[in-house]
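Asks: Residue numbers in the sequence shown follow the UniProt record's numbering, run continuously in steps of one, and reach 762 at the last position.
Okay, here's the structure, questions in a sec.
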Amino acid sequence: MVIFEKWHRNSKKCIFSPLWTKDKLKFCSKKREDLPKGSNRTSDDEKTSLNFLTMQEMKLVCGRKTTFSSTFDKRINVFLKPLEIDIIHDRDINRSELVGIDENTREKTQQKSSNCSETGKNVGYNPKYLQVQRYRALKEEKHCYVYDFEVLDISNLGKYEPGSFVNVHFYNKERLGIGMLNRKSNIVIRIIEKDIEKVIDDQFFVKRLYESVKRRFMYIYNISLYDYIHSLNIRNEIMLFCQMVNSFNDYLPGLVVHIFHKSLFIRYDNISIQKYNYIFEKELDKIFSPKNIYCKKISSKKEKRAQGGKEYTLEQTKGNDLELYYSENDLTFYNNITNISYNVFHLQNKQDRLFLQNLCDSSNVLNINGNVGEYIISTCFSQNGGTSNFGNTERVAILLSDCVKNASYAEKNASLNGCHHVMSLHREDLLEELSNMHLNSLRFGLIIFNVKSSITYRRSAYTSEYGKRHTVTFKGVHKYLSCISDILQSNGLLFVTVELAAVDYDKFLNIVRCVFERKKKNLSIVYENSCSIENKIGKGFSKRKEIKLAQKGPHSPKKEEKMDSPEFLKIELQRLKSDYETVSKGTAPELSVDHVMPKTQFDYACLLICSSDLKNIKFASSLLHELLLINYNRIDCLYQLAIAHIKLRDYKKAKNYLNALLKIDARNSNALALKSLLFDLISSDGLIGALLVALTACGIYLSFKSFNDHCKSLETERRTSSLYKITYGSSISSNTSLHCRCAKASVGCISTCPIKRKQKSV
Numbered sequence: 001m002v003i004f005e006k007w008h009r010n011s012k013k014c015i016f017s018p019l020w021t022k023d024k025l026k027f028c029s030k031k032r033e034d035l036p037k038g039s040n041r042t043s044d045d046e047k048t049s050l051n052f053l054t055m056q057e058m059k060l061v062c063g064r065k066t067t068f069s070s071t072f073d074k075r076i077n078v079f080l081k082p083l084e085i086d087i088i089h090d091r092d093i094n095r096s097e098l099v100g101i102d103e104n105t106r107e108k109t110q111q112k113s114s115n116c117s118e119t120g121k122n123v124g125y126n127p128k129y130l131q132v133q134r135y136r137a138l139k140e141e142k143h144c145y146v147y148d149f150e151v152l153d154i155s156n157l158g159k160y161e162p163g164s165f166v167n168v169h170f171y172n173k174e175r176l177g178i179g180m181l182n183r184k185s186n187i188v189i190r191i192i193e194k195d196i197e198k199v200i201d202d203q204f205f206v207k208r209l210y211e212s213v214k215r216r217f218m219y220i221y222n223i224s225l226y227d228y229i230h231s232l233n234i235r236n237e238i239m240l241f242c243q244m245v246n247s248f249n250d251y252l253p254g255l256v257v258h259i260f261h262k263s264l265f266i267r268y269d270n271i272s273i274q275k276y277n278y279i280f281e282k283e284l285d286k287i288f289s290p291k292n293i294y295c296k297k298i299s300s301k302k303e304k305r306a307q308g309g310k311e312y313t314l315e316q317t318k319g320n321d322l323e324l325y326y327s328e329n330d331l332t333f334y335n336n337i338t339n340i341s342y343n344v345f346h347l348q349n350k351q352d353r354l355f356l357q358n359l360c361d362s363s364n365v366l367n368i369n370g371n372v373g374e375y376i377i378s379t380c381f382s383q384n385g386g387t388s389n390f391g392n393t394e395r396v397a398i399l400l401s402d403c404v405k406n407a408s409y410a411e412k413n414a415s416l417n418g419c420h421h422v423m424s425l426h427r428e429d430l431l432e433e434l435s436n437m438h439l440n441s442l443r444f445g446l447i448i449f450n451v452k453s454s455i456t457y458r459r460s461a462y463t464s465e466y467g468k469r470h471t472v473t474f475k476g477v478h479k480y481l482s483c484i485s486d487i488l489q490s491n492g493l494l495f496v497t498v499e500l501a502a503v504d505y506d507k508f509l510n511i512v513r514c515v516f517e518r519k520k521k522n523l524s525i526v527y528e529n530s531c532s533i534e535n536k537i538g539k540g541f542s543k544r545k546e547i548k549l550a551q552k553g554p555h556s557p558k559k560e561e562k563m564d565s566p567e568f569l570k571i572e573l574q575r576l577k578s579d580y581e582t583v584s585k586g587t588a589p590e591l592s593v594d595h596v597m598p599k600t601q602f603d604y605a606c607l608l609i610c611s612s613d614l615k616n617i618k619f620a621s622s623l624l625h626e627l628l629l630i631n632y633n634r635i636d637c638l639y640q641l642a643i644a645h646i647k648l649r650d651y652k653k654a655k656n657y658l659n660a661l662l663k664i665d666a667r668n669s670n671a672l673a674l675k676s677l678l679f680d681l682i683s684s685d686g687l688i689g690a691l692l693v694a695l696t697a698c699g700i701y702l703s704f705k706s707f708n709d710h711c712k713s714l715e716t717e718r719r720t721s722s723l724y725k726i727t728y729g730s731s732i733s734s735n736t737s738l739h740c741r742c743a744k745a746s747v748g749c750i751s752t753c754p755i756k757r758k759q760k761s762v
C-alpha cells in the first residue's frame with residue numbers, strides 16, 4: 001500500500017508534482033510556484049527532465065559507456081487497430097505508408113465496418129477496432145500499456161526478441177511514442193518515451209535511474225545525490241530504508257528497487273526491462289556500494305504473475321548474507337530473502353502502523369497473515385521507554401500465520417524488540433484455529449486482518465478502459481469475516497488491509513457489512529486510507545487499500561462517531577424520509593417529481609435496507625420495485641433489491657433479481673460477487689435445514705417407536721390378564737357346581753332320614 005499525501009498548493013516546499021498527467025504518481029523537480037500556471041508539463045517533459053539533474057550529476061550520466069543504441073530509423077513501426085471513424089476517413093491515408101498492415105485484414109475490417117453501418121446497430125466492442133476509451137487514454141498519456149488485441153497484424157511481431165524498441169503509431173499515423181516489445185506477453189508494448197525521434201541508449205536508462213534516486217534523496221532524506229556518492233561521511237551517517245524505483249511511475253516500467261541499508265533488492269517484473277539488467281545493477285552498485293545485491297528475475301515468458309512466487313528466480317549477484325533487516329520507529333525487523341514471494345517488508349504501511357500504535361489500549365490483539373510481525377509488534381510497542389503497551393500480563397497478542405518461516409521470524413522479531421508477550425502461531429488451517437478461539441471464549445479488542453492473500457481472480461478477463469482486467473472473487477473471505485465477528489469483542493476494532501480497485505473495494509465493504517449485520521452487530525468506518533499507483537477513473541482514486549472498521553457498542557466513545565456511524569445514518573434517514581414524504585404529498589411544488597422524486601426515493605430505500613428492522617427492509621423493497629417499474633436506474637435497483645431479499649432470507653427472489661441484472665450487464669462484478677455469496681448462504685442454510693429435518697425425523701421416529709413399544713406392552717398385559725381370568729374362572733365354576741351337588745345330596749339325605757325329618761318338623 002502506497003501512502004498518498006496531499007500537499008497544499010500554496011506551500012513553498014518542493015512537492016511531487018505530476019509530469020505527464022496530474023493523476024499519475026510522476027514527479028517534476030521544480031517547485032509548484034516556479035511553474036507557470038496552466039503550463040503543459042507533457043510538452044515540457046524534456047525541459048523539466050534536463051533541469052532536474054545538476055551539471056555534476058549529468059557528467060556522471062554522460063560518462064557511461066554505450067553498449068547499444070536505438071535510433072528512429074532503425075526501429076520498426078507498429079500501428080494500432082483503427083477506430084471505426086478511421087475506416088470511414090481512410091481514403092486520405094496512403095496504404096503504402098502504413099507499416100505492418102495486411103491487405104486481407106484491411107479488407108475484412110472494411111467489410112465488417114460496412115456491415116455495421118448498413119444495419120445501423122451498435123455492435124459494441126469489436127476486436128477489429130480500437131476502443132474509443134483506450135484511444136483517449138493513450139493519447140492523453142493516462143496509460144502507457146498497449147495490449148495484444150490492440151495491435152494491428154500482431155503476427156509479424158513474433159520474430160523480434162523481447163526488449164526491442166519500436167515506434168508506436170495510431171492507425172491515422174499519429175505518433176504515440178517509443179515502446180519496449182514483448183510479443184509473448186499480454187502487454188505487448190510498454191511506452192517509455194513520448195518523443196518518438198529520441199535516441200535510446202545506456203544513458204537513457206542511467207538518467208532515468210539517477211532521477212528516480214534523486215527524488216527520494218531530495219524529498220525524503222534531504223541530501224544531495226552527488227555528495228552522497230562522493231562522501232563517505234554522509235553514507236555512514238544515514239541509514240536508507242525505502243523504495244528507490246517504483247516501476248512505470250519512475251518511467252522505468254517493470255523495475256522495482258528497494259534499499260535496506262547495506263542491501264539492495266531488485267525485482268524485474270517483465271522480460272523487456274530485464275534484458276538491460278546489467279545497466280541497472282552496475283549503476284546501483286556505483287551509487288550505494290552495498291554489501292549484498294539480490295535480484296528477483298521473472299522466468300515466465302508470458303509475464304504471468306500470481307503464481308505464489310514461482311514465476312521468479314532469485315539470484316544473489318553480490319555478497320553471501322541471505323538475511324535482511326528493516327528499521328522504523330526504533331523497531332527492527334528481520335526476514336530471509338528466500339522467504340519471500342513478492343515483497344520483503346511492508347514499507348508503504350508505516351503510516352497505518354503509527355495509527356494503530358496510538359489505539360492500542362491494553363486489549364487483546366490478533367494479527368492474521370501479518371508477514372513477519374510488522375503490524376502487531378508496532379501496535380504493541382510504546383515509544384515511552386521502549387516498553388510494550390500491555391501493562392497487564394494477562395493480555396495477549398497473537399500472530400496467526402499459515403507460513404512456517406514467517407511465524408518463526410515473527411517470533412524472533414518480537415523477542416528482539418522486547419515484545420515477549422507477542423505469540424506467533426503457525427496453523428495450516430486458519431479457520432479452524434479461529435473457531436477454536438471462539439469455542440474457548442477468547443475475545444480480542446483489535447484484529448488486524450491482511451485479506452490480500454485470501455483474494456483470488458477469475459481466469460476470464462474483461463476489457464476496460466485500461467485494457468484487460470480479471471474479475472475479482474471473494475470466495476471464502478466471508479468465512480474469515482464470520483469467524484472474526486465472533487471473536488471481536490464489543491467496541492472492538494477491525495483493521496483490514498486490502499488492495500483492490502474502487503469498484504471491487506465497494507463490493508468487499510458491502511460483504512463485510514452483510515456479514516456483521518447477519519451476526520446482528522453494528523459496524524462503522526472510523527478510518528480509511530486510500531492511495532493510487534495508477535490513473536484515477538472518474539473523480540475517485542482507482543485503488544483504496546486500508547480500512548478500519550469499528551464494532552459499535554452501547555458505550556462507544558463519541559470521538560469515533562464518523563459519517564458512517566448509526567447516529568449520522570439516523571439523521572440522514574430522517575432527512576431523506578422528510579424529503580420523500582414532502583415530495584410524495586405534493587407539498588413542495590418547486591421540486592420536480594420526474595427527477596427529484598425517484599432520486600430521493602432511491603436514496604431513502606437504500607438507507608432503509610441498512611436497517612435491522614424487517615418492516616423497513618420490506619418497505620424499501622416496495623419502493624425499489626416502484627422505481628423498477630418506471631425503469632429508473634435498473635442496475636442499481638436490481639442490485640439493492642437482491643440485497644434486501646437476502647436480508648429477508650427470500651433467496652429465490654434475490655436470485656431472480658441477480659439473474660435479471662446479469663442479463664443487462666453480464667460482467668457486473670458486484671452482482672457476480674453477491675451471487676456467489678448468495679449461493680454460500682443458500683448452501684449453509686440448506687445444510688442447517690437438512691440437519692433440522694434429520695433431527696425432527698429422528699425425534700418422530702423415536703417417539704413413534706416408544707409409542708409402539710408401549711402399545712405392544714399394553715396388549716401383552718391385556719392378553720395375559722384375559723387368559724388368567726379364563727383359567728381361574730373355569731376352576732371356580734367347576735368347584736361351585738360340585739359344592740352345589742354335595743349340598744343337594746345332603747339335603748336329600750336329611751329329608752329321607754326319619755329322625756332328621758322329625759327334628760326338622762319340630
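Built from N, CA and C at the ideal position, the CB exists for glycine as well.
All values reported here derive from a predicted model rather than from experimental measurement.
Do residue 293 and residue 281 count as a contact pair if the criterion is CB distance below 9 Å?
Replies: For residue 281 and residue 293, yes; Cβs fall inside 9 Å.
Asks: According to the Cβ coordinates, are residue 272 and residue 181 closer than 9 Å?
Replies: Taking 9 Å as the Cβ cut-off, residue 272 and residue 181 qualify as a contacting pair.
Asks: Where do the ends of the beta strand (DSSP E) carrying residue 318 lie?
Replies: Where residue 318 is concerned, the enclosing beta strand (DSSP E) stretches over 312-318.
Asks: Rounded to the nearest angstrom, what separates residue 206 and residue 680 at their Cα positions?
Replies: Going from the Cα of residue 206 to the Cα of residue 680 covers about 53 Å.
Asks: Nearest-angstrom Cα distance between residue 80 and residue 147?
Replies: Between residue 80 and residue 147, the C-alpha separation is close to 10 Å.
Asks: If the criterion is Cβ atoms closer than 9 Å, does the pair residue 225 and residue 210 meet it?
Replies: Cβ distance < 9 Å, so residue 225 and residue 210 count as in contact.
Asks: Just reading off the beta strand (DSSP E) that residue 397 is part of, what are its end residues?
Replies: Its beta strand (DSSP E) spans residues 397-401.
Asks: Do residue 471 and residue 771 come within 9 Å of each other at the CB atom, strictly closer than that value?
Replies: This structure cannot settle anything about residue 771, because the visible part of the chain is limited to 1 through 762.
Asks: Go ahead and pull the three-state DSSP assignment for residue 252.
Replies: Here residue 252 sits in coil by DSSP.
Asks: Among the candidates 287, 167, 433, whose CA atom is the shortest distance from the CA of residue 230?
Replies: If we check each option's Cα against that of residue 230, 287 comes out closest.
Asks: Put residue 302 into one of helix, strand or coil per three-state DSSP.
Replies: In this structure, residue 302 counts as coil in the three-state DSSP scheme.
Asks: With distances taken from CA atoms, which of 449, 641, 631, 629 is nearest residue 605?
Replies: Ranking 449, 641, 631, 629 by Cα distance to residue 605 puts 641 first.
Asks: How should residue 661 be labelled, buried or exposed, when 16 other C-beta atoms within 10 angstroms of its C-beta is the threshold for buried?
Replies: It is buried - the Cβ of residue 661 has at least 16 other Cβ atoms within 10 Å.
Asks: Between 183, 499, 519, which lies nearest to residue 489 when the distance is taken from Cα to Cα?
Replies: Comparing Cα-Cα distances from residue 489 to each of 183, 499, 519, the minimum goes to 519.
Asks: Taking the beta carbon of residue 558 as the centre, do at least 16 other beta carbons fall within 10 Å, making it buried, or is it exposed?
Replies: Confidence at residue 558 is low in this model, with a pLDDT of 37, below 50, so its placement is unreliable and no value can be given for it.
Asks: Can you list the alpha helix (DSSP H) stretches of 4 or more residues lying completely in the region 142-227, in chain order?
Replies: Complete alpha helix (DSSP H) runs here, min 4: 202-216.
Asks: Can you tell me whether residue 658 is buried or exposed? The criterion is at least 16 other CB atoms within 10 Å of its CB, across all chains shown.
Replies: Buried: at least 16 other Cβ atoms inside 10 Å.
Asks: Looking at residue 399 and residue 424, is the spacing between their C-beta atoms short of 9 Å?
Replies: Yes, the pair counts as a contact, with Cβ atoms nearer than the cut-off.
Asks: Is residue 56 buried or exposed, if buried means 16 or more other CB atoms sit within 10 Å of its CB?
Replies: Residue 56 comes out exposed.
Asks: Taking a contact to mean a Cβ-Cβ separation below 9 Å, would you say residue 344 touches residue 314 in this structure?
Replies: No, the Cβ-Cβ distance between residue 344 and residue 314 is not below 9 Å.
Asks: Is residue 196 closer than 9 Å to residue 151 when the C-beta atoms are compared?
Replies: The answer is no: Cβ separation not under 9 Å.
Asks: For residue 620, write down the residues that DSSP places opposite it in a beta bridge.
Replies: Note: residue 620 sits in no beta bridge, so no partner.
Asks: I need the straight-line Cα distance from residue 395 to residue 496, nearest angstrom please.
Replies: Approximately 22 Å, taken between the alpha carbons.
Asks: Return helix, strand or coil for residue 78, following the three-state DSSP convention.
Replies: Here residue 78 sits in strand by DSSP.
Asks: Once the 5 residues before and after residue 608 are set aside, which same chain residues still bring their CB inside 7 Å of it?
Replies: Once the five neighbours on either side are set aside, the close Cβ partners of residue 608 are 616, 617, 619, 620.
Asks: Measuring straight from C-alpha to C-alpha, what distance separates residue 623 and residue 480?
Replies: Near 34 Å, if we compare the C-alpha coordinates of residue 480 and residue 623.
Asks: Pick out whichever of 379, 303, 261 has its Cα sitting closest to the Cα of residue 289.
Replies: Nearest of 379, 303, 261 to residue 289, Cα basis: 261.
Asks: State the DSSP-derived secondary structure class of residue 501, mapped to helix, strand or coil.
Replies: In the structure shown, residue 501 sits in a strand (DSSP, three-state: E or B).
Asks: Answer with buried or exposed for residue 374, where buried requires no fewer than 16 other C-beta atoms within 10 angstroms of its C-beta.
Replies: So residue 374 counts as buried.
Asks: What residues in its chain sit with their C-beta under 7 Å from that of residue 242, if we drop five residues either side in the sequence?
Replies: Excluding residues within five positions, the ones whose Cβ falls inside 7 Å are 216, 220, 259, 347.
Asks: How is residue 632 classed by DSSP in three states: helix, strand or coil?
Replies: Coil, per DSSP.
Asks: Judging by CA-CA distance, which residue of 510, 176, 610 is the nearest neighbour of residue 675?
Replies: Comparing Cα-Cα distances from residue 675 to each of 510, 176, 610, the minimum goes to 510.
Asks: Let's see if you can read the secondary structure: which residues bound the beta strand (DSSP E) around residue 242?
Replies: Residues 241-246.
Asks: Please classify residue 258: does DSSP put it in a helix, a strand, or coil?
Replies: In the structure shown, residue 258 sits in a strand (DSSP, three-state: E or B).
Asks: Would DSSP call residue 670 helix, strand or coil?
Replies: Helix, per DSSP.
Asks: Considering residue 424, what are the terminal residues of the beta strand (DSSP E) in which it resides?
Replies: 422-426 is the span of the beta strand (DSSP E), which, as asked, contains residue 424.
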